[in-house]
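A.B. asks: Residues in the sequence shown are numbered from 1 upward in steps of one, following the numbering used here. The beta carbon of each residue, even a glycine, is placed where N, CA and C say it ideally should be.
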Amino acid sequence: MKGVDTIARIRREFFTRGRAIKDIVRDLHVSRNTVRKVIRSGATAFAYEREVQPLPKLGPWRDDLDRMLSTNAGKSSRERLTLIRIYEALRGLGYEGGYDAVRRYAKTWKRERASVTAQAFVPLTFAPGEAYQFDWSHEIVLIGGTTVTVKVAHVRLCHSRMLFVRAYPRESQEMVFDAHDRAFAFFRGTCQRGIYDNMKTAVETIFVGRERAYNRRFLQMCSHYLVDPVACTPASGWEKGQVENQVGLVRERFFTPRVRVKSYEELNALLLDQVIAYAKAHPHPEERERTVWERFEAEQAALVPYAGRFDGFHAITASVSTTCLVRFDNNRYSVMASAIGRPVEVRAYAERVEIRQDGLVVAEHERAFGRDQTVFDPWHYVPVLARKPGALRNGAPFKDWVLPPALDRVRRKLAGSAGGDRQMVEILTAVLGDGLPAVEAACAEALREGVHSADIVLNILARQREPTAPVTILTPESLRLRHEPVADCARYDSLRSPP
Numbered sequence: 001m002k003g004v005d006t007i008a009r010i011r012r013e014f015f016t017r018g019r020a021i022k023d024i025v026r027d028l029h030v031s032r033n034t035v036r037k038v039i040r041s042g043a044t045a046f047a048y049e050r051e052v053q054p055l056p057k058l059g060p061w062r063d064d065l066d067r068m069l070s071t072n073a074g075k076s077s078r079e080r081l082t083l084i085r086i087y088e089a090l091r092g093l094g095y096e097g098g099y100d101a102v103r104r105y106a107k108t109w110k111r112e113r114a115s116v117t118a119q120a121f122v123p124l125t126f127a128p129g130e131a132y133q134f135d136w137s138h139e140i141v142l143i144g145g146t147t148v149t150v151k152v153a154h155v156r157l158c159h160s161r162m163l164f165v166r167a168y169p170r171e172s173q174e175m176v177f178d179a180h181d182r183a184f185a186f187f188r189g190t191c192q193r194g195i196y197d198n199m200k201t202a203v204e205t206i207f208v209g210r211e212r213a214y215n216r217r218f219l220q221m222c223s224h225y226l227v228d229p230v231a232c233t234p235a236s237g238w239e240k241g242q243v244e245n246q247v248g249l250v251r252e253r254f255f256t257p258r259v260r261v262k263s264y265e266e267l268n269a270l271l272l273d274q275v276i277a278y279a280k281a282h283p284h285p286e287e288r289e290r291t292v293w294e295r296f297e298a299e300q301a302a303l304v305p306y307a308g309r310f311d312g313f314h315a316i317t318a319s320v321s322t323t324c325l326v327r328f329d330n331n332r333y334s335v336m337a338s339a340i341g342r343p344v345e346v347r348a349y350a351e352r353v354e355i356r357q358d359g360l361v362v363a364e365h366e367r368a369f370g371r372d373q374t375v376f377d378p379w380h381y382v383p384v385l386a387r388k389p390g391a392l393r394n395g396a397p398f399k400d401w402v403l404p405p406a407l408d409r410v411r412r413k414l415a416g417s418a419g420g421d422r423q424m425v426e427i428l429t430a431v432l433g434d435g436l437p438a439v440e441a442a443c444a445e446a447l448r449e450g451v452h453s454a455d456i457v458l459n460i461l462a463r464q465r466e467p468t469a470p471v472t473i474l475t476p477e478s479l480r481l482r483h484e485p486v487a488d489c490a491r492y493d494s495l496r497s498p499p
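1. CA-CA distance, Tyr278 and Thr291?
2. DSSP state of Thr190, grouped into three classes?
3. Taking the beta strand (DSSP E) that Trp136 belongs to, which residues open and close that run?
4. Enumerated in chain order, which unbroken segments of the beta strand (DSSP E) with a length of 3 residues or greater are wholly contained in the stretch 326-413?
5. Return yes when the Cβ of Val141 is within less than 7 Å of the Cβ of Val259, no when it is not.
6. Looking only at its own chain, which residues have a Cβ that is under 6 Å from the Cβ of Pro389, when we skip the five neighbours before and after it?
7. Taking 6 Å as the limit between beta carbons, can you name the residues of its chain near Val38, skipping five residues before and five after?
8. Taking the beta strand (DSSP E) that Thr147 belongs to, which residues open and close that run?
9. Report the three-state DSSP secondary structure of Phe501 (helix, strand or coil).
10. Please classify Asp197: does DSSP put it in a helix, a strand, or coil?
11. Taking the alpha-carbon positions, what's the Leu249 to Arg332 distance?
12. Who are Phe164's beta bridge partners in DSSP?
13. Near Val375, what residues of its chain come up, given a Cβ to Cβ distance below 6 Å and the 5 sequence neighbours on each side ignored?
14. Please state if the CB of Val335 and the CB of Ala363 are separated by a distance shorter than 7 Å.
15. Since I believe Val304 is in contact with Leu226 (beta carbons under 8 Å), could you give me their beta-carbon distance rounded to a whole number of angstroms?
16. Can you tell me whether Glu294 is helix, strand or coil according to DSSP?
17. Figure out for me which residue from Ala418, Lys151, Val155 has the closest Cα to the Cα of His138.
18. Please report the straight-line C-alpha distance between His180 and Ala418, rounded to a whole angstrom.
19. With a CB to CB cut of under 6 Å and the five nearest residues on each side skipped, what residues in its chain are close to Tyr99?
20. Beta-carbon within less than 8 Å of Trp136's beta-carbon, same chain only, minus the 5 sequence neighbours each way: which residues are those?
21. Which runs of the beta strand (DSSP E) fall wholly inside the stretch 194-275 and span at least 3 residues, in chain order?
22. Taking just the CA atoms, how far does Lys110 sit from Ser77?
23. Since Ala315 is in the beta strand (DSSP E), which residue starts that stretch and which ends it?
24. Nearest CA to the CA of Tyr105: which residue from Leu58, Ala167, Gln373, Ala213?
25. Could you say if the stretch 347-356 and the stretch 378-385 meet the contact criterion of at least three C-beta pairs nearer than 8 Å?
26. State buried or exposed for Gln464, treating a residue as buried only when at least 16 other CB atoms are found within 10 Å of its CB.
27. Between Pro405, Thr472, Trp401, which lies nearest to Val439 when the distance is taken from Cα to Cα?
28. My understanding is that Ala442 touches Leu428, with C-beta atoms under 8 Å, so please give their C-beta distance in whole angstroms.
29. Is the distance from the Cβ of Asn72 to the Cβ of Arg166 below 7 Å?
30. Give me the residue from Met162, Leu458, Thr475 with the minimum Cα distance to Pro283.
31. Do Glu174 and Phe313 have their C-beta atoms closer together than 7 Å?
32. Please identify the residue among Ile195, Val148, Asp178 whose C-alpha is closest to the C-alpha of Ala350.
33. Mind checking who Pro283 pairs with in its DSSP beta bridge?
34. Could you please give me the residues that DSSP links to Val304 through a beta bridge?
35. Whole-angstrom Cβ separation of Ala315 and Val361, contact assumed at under 8 Å?
36. Could you tell me the alpha carbon to alpha carbon distance between His224 and Gly189, rounded to whole angstroms?
This is how it looks when you write it as structure tokens:
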């Protein structure tokens with residue numbers, strides 16, 4: 001087909017200069033049909049498209065090739081065959097043509113199939129306080145000089161587009177509870193619906209359609225905050241597209257370049273500051289004249305009021321070893337010596353571990369997220385020291401034990417004396433009954449007097465205790481004295497006189 005320059009010359013010669021078709025044919029060396037087509041169509045360019053693609057050798061094998069391509073497209077990417085392998089399989093059936101014909105046909109087949117299966121989406125709109133979306137992402141940061149992959153919880157209000165993010169070491173259920181509580185406390189309310197993917201911490205079983213069997217504790221959390229949970233269709237991220245887009249936005253703006261912090265507390269404080277700054281600086285996608293923060297402040301009136309913190313923990317039953325230790329999540333935590341011999345309930349929160357027995361708290365520790373770590377509370381072992389005072393020197397729980405200043409000075413003075421360990425154990429045992437502030441004050445008073453023995457410290461404690469209130473006796477009216485007794489010692493002299 002002729003190029004656009006030739007078509008332009010034909011149009012100028014005919015329409016501007018008024019030349020005849022035979023003269024244009026003679027001068028430009030083109031056919032009459034070409035000149036007539038340019039003049040009659042009014043087009044400035046032509047492209048040749050073959051209406052029917054001849055397949056002299058591949059034609060009889062089209063059905064077999066279509067079947068191979070369709071089967072191959074339905075497999076996972078790891079199991080899919082290359083076009084060379086498909087070509088070889090077709091040759092095995094009797095095809096005698098070349099590979100280029102198969103490659104061109106496969107390219108056309110893929111293009112036509114993509115046009116049929118192309119997905120279109122409908123833009124969604126949400127009323128104020130109607131719904132929020134929740135999701136997780138994995139980000140890489142430097143915490144204390146160590147490269148760590150943190151799990152970031154994302155919450156987004158669908159109407160105002162207000163976002164909330166918080167980093168955790170895990171994606172476990174107690175982290176989900178904590179993320180919701182902190183997000184709702186930040187928003188000062190929640191929405192009527194929560195949109196989730198089918199995360200294992202929330203959904204136990206996926207049925208046909210929208211029906212789900214939710215986790216019991218997750219349903220308790222939703223009931224506490226008055227939220228109706230809605231799970232997306234599996235592998236359909238567009239159903240919670242706002243929070244999916246938020247993941248990319250947060251990764252680009254908050255975690256690039258790589259963040260360097262000292263602790264999770266510093267990281268989460270930094271993320272909260274960046275969330276607020278972003279919301280105040282960027283316009284709302286639907287109302288460009290207002291910022292995300294302004295839309296969020298307007299939406300707060302429509303939110304469900306914040307119901308307070310949900311007691312979000314993950315509970316398991318564990319046994320107590322003879323060394324007063326409970327194993328949980330690949331780490332060990334100490335408990336009170338009185339808990340030995342009976343099972344305990346370990347309640348794991350996002351940042352702490354609480355251990356209960358018969359409804360009473362027998363230990364509470366900051367949660368450790370490493371492996372094979374032992375977290376001691378030395379006060380749990382003080383009752384054991386009454387029987388084994390020598391363990392005070394080399395016991396693992398008492399290594400690097402930080403005591404109050406006066407109590408620590410008494411300990412150092414007693415360490416060099418005979419029976420000092422036993423005396424120190426007596427003072428420490430008094431803490432269990434009188435409290436640490438009272439024992440610390442008694443030690444300070446003893447040191448001011450230049451003494452430090454356990455007897456003196458315990459004596460000071462006994463004097464500091466409030467005396468018990470006297471018992472009030474109600475005297476019946478019949479036993480009351482009608483004449484008050486008079487103190488008269490002269491009556492005794494009358495006893496000495498002879499009768």
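C.D. replies: Well, looking at it:
1. Your numbering for residue 278 matches position 278 in the sequence shown. Your numbering for residue 291 matches position 291 in the sequence shown. The alpha-carbon atoms of Tyr278 and Thr291 are separated by roughly 9 Å.
2. Along the sequence shown, one-based indexing puts residue 190 at 190. Thr190 sits in a strand when the DSSP states are folded into three classes.
3. Within the sequence shown, residue 136 is the residue found at index 136, counting from 1. In the DSSP assignment, Trp136 falls within the beta strand (DSSP E) that extends over 131-143.
4. Listed in chain order, the complete beta strand (DSSP E) runs (minimum 3 residues) inside the stretch 326-413 are 331-334, 344-348, 352-357, 360-366.
5. Locating residue 259 in the sequence shown gives position 259, counting from the first residue. Locating residue 141 in the sequence shown gives position 141, counting from the first residue. Judged by beta-carbon spacing, Val141 lies within the 7 Å limit of Val259, meaning their Cβ atoms are closer than that value.
6. Translated into positions along the sequence shown, residue 389 becomes position 389. Cβ within range, chain order: Asp421, Arg422, Val425.
7. Translated into positions along the sequence shown, residue 38 becomes position 38. Result list for Val38: Ile7, Ile10, in chain order.
8. For the purposes of this step, residue 147 is identified with residue 147 of the sequence shown, where counting begins at 1. Segment 146-157, the beta strand (DSSP E) holding Thr147.
9. Any question about residue 501 goes unanswered here, given that the chain covers just 1 to 499.
10. Residue 197 sits at position 197 when you count from the first residue of the sequence shown. DSSP places Asp197 in coil when its eight states are reduced to three.
11. Here residue 249 refers to the residue found at position 249 when the sequence shown is read from its first residue. Here residue 332 refers to the residue found at position 332 when the sequence shown is read from its first residue. Roughly 39 Å between the two C-alpha positions.
12. Sequence index remark: in the sequence shown, residue 164 carries index 164 (1-based). As computed with DSSP, Phe164 is found in a beta bridge with Val155.
13. On the sequence shown, residue 375 is found 375 positions in, with the first residue counted as 1. For Val375, where only same-chain residues beyond five positions count, the Cβ hits under 6 Å are Tyr333, His365, Ala368.
14. Residue numbering aside, residue 363 sits at position 363 when the sequence shown is read from its first letter. Residue numbering aside, residue 335 sits at position 335 when the sequence shown is read from its first letter. The Cβ-Cβ distance between Ala363 and Val335 falls below 7 Å.
15. Counting from one through the sequence shown, the residue named residue 226 turns up at place 226. Counting from one through the sequence shown, the residue named residue 304 turns up at place 304. 5 Å between Cβ atoms; contact.
16. In the sequence shown, counting from the first residue as 1, residue 294 sits at position 294. Here Glu294 sits in helix by DSSP.
17. Taking the sequence shown and counting its residues from 1, one reaches residue 138 at position 138. Nearest of Ala418, Lys151, Val155 to His138, Cα basis: Lys151.
18. Against the sequence shown, residue 180 aligns to sequence position 180. Against the sequence shown, residue 418 aligns to sequence position 418. Answer to the nearest angstrom: the Cα atoms are 57 Å apart.
19. As a working mapping, residue 99 is identified with position 99 in the sequence shown. Excluding positions up to five away in sequence, the list reads Tyr87.
20. Position 136 of the sequence shown, counted from the first residue, corresponds to residue 136. Non-local beta-carbon contacts of Trp136 in its own chain, meaning distances under 8 Å to residues more than five positions away in sequence, involve Lys151, Val152, Ala153, His154, Glu171, Met199 in chain order.
21. Correct list: 203-206, 212-214, 228-231.
22. To locate residue 77, count along the sequence shown from 1; it is residue 77. To locate residue 110, count along the sequence shown from 1; it is residue 110. Answer to the nearest angstrom: the Cα atoms are 15 Å apart.
23. Working through the sequence shown from its first residue, we reach residue 315 at position 315. Counting along the chain, Ala315 sits inside the beta strand (DSSP E) bounded by residues 314-318.
24. Sequence index remark: in the sequence shown, residue 105 carries index 105 (1-based). Comparing C-alpha distances from Tyr105 to each of Leu58, Ala167, Gln373, Ala213 shows the shortest one belongs to Leu58.
25. A contact between stretches requires three or more CB pairs, one per stretch, nearer than 8 Å, and the stretch 347-356 fails this requirement with the stretch 378-385.
26. In the sequence shown, counting from the first residue as 1, residue 464 sits at position 464. Label assigned to Gln464: exposed.
27. Taking the sequence shown and counting its residues from 1, one reaches residue 439 at position 439. Of Pro405, Thr472, Trp401, the residue nearest in Cα terms is Pro405.
28. Start at 1 with the first residue of the sequence shown, and residue 442 comes out as number 442. Start at 1 with the first residue of the sequence shown, and residue 428 comes out as number 428. Going by Cβ atoms, the distance from Ala442 to Leu428 rounds to 12 Å, so no, they are not a contact pair.
29. Position 72 of the sequence shown, counting from 1, holds the residue named residue 72. Position 166 of the sequence shown, counting from 1, holds the residue named residue 166. Taking C-beta atoms as the reference points, Asn72 and Arg166 fail to come closer than 7 Å.
30. Numbered from 1 along the sequence shown, position 283 holds the residue referred to as residue 283. Selected option, being the one with the closest Cα: Met162.
31. Here residue 174 refers to the residue found at position 174 of the sequence shown. Here residue 313 refers to the residue found at position 313 of the sequence shown. A contact, by the Cβ cut-off of 7 Å.
32. On the sequence shown, residue 350 is found 350 positions in, with the first residue counted as 1. That would be Asp178, whose Cα lies nearest to the Cα of Ala350.
33. Translated into the one-based positions of the sequence shown, residue 283 becomes position 283. Note: Pro283 sits in a beta bridge opposite Thr291.
34. In the sequence shown, counting from the first residue as 1, residue 304 sits at position 304. Residue pairing of Val304 in beta bridges, as defined by DSSP: Thr190.
35. The residue labelled residue 315 in the question sits at position 315 within the sequence shown. The residue labelled residue 361 in the question sits at position 361 within the sequence shown. With 8 Å as the limit, Ala315 and Val361 do not qualify as a contact, their Cβ atoms being about 13 Å apart.
36. As a position in the sequence shown, residue 224 is number 224, starting the count at 1. As a position in the sequence shown, residue 189 is number 189, starting the count at 1. Straight-line measurement puts the Cα of Gly189 at about 12 Å from the Cα of His224.
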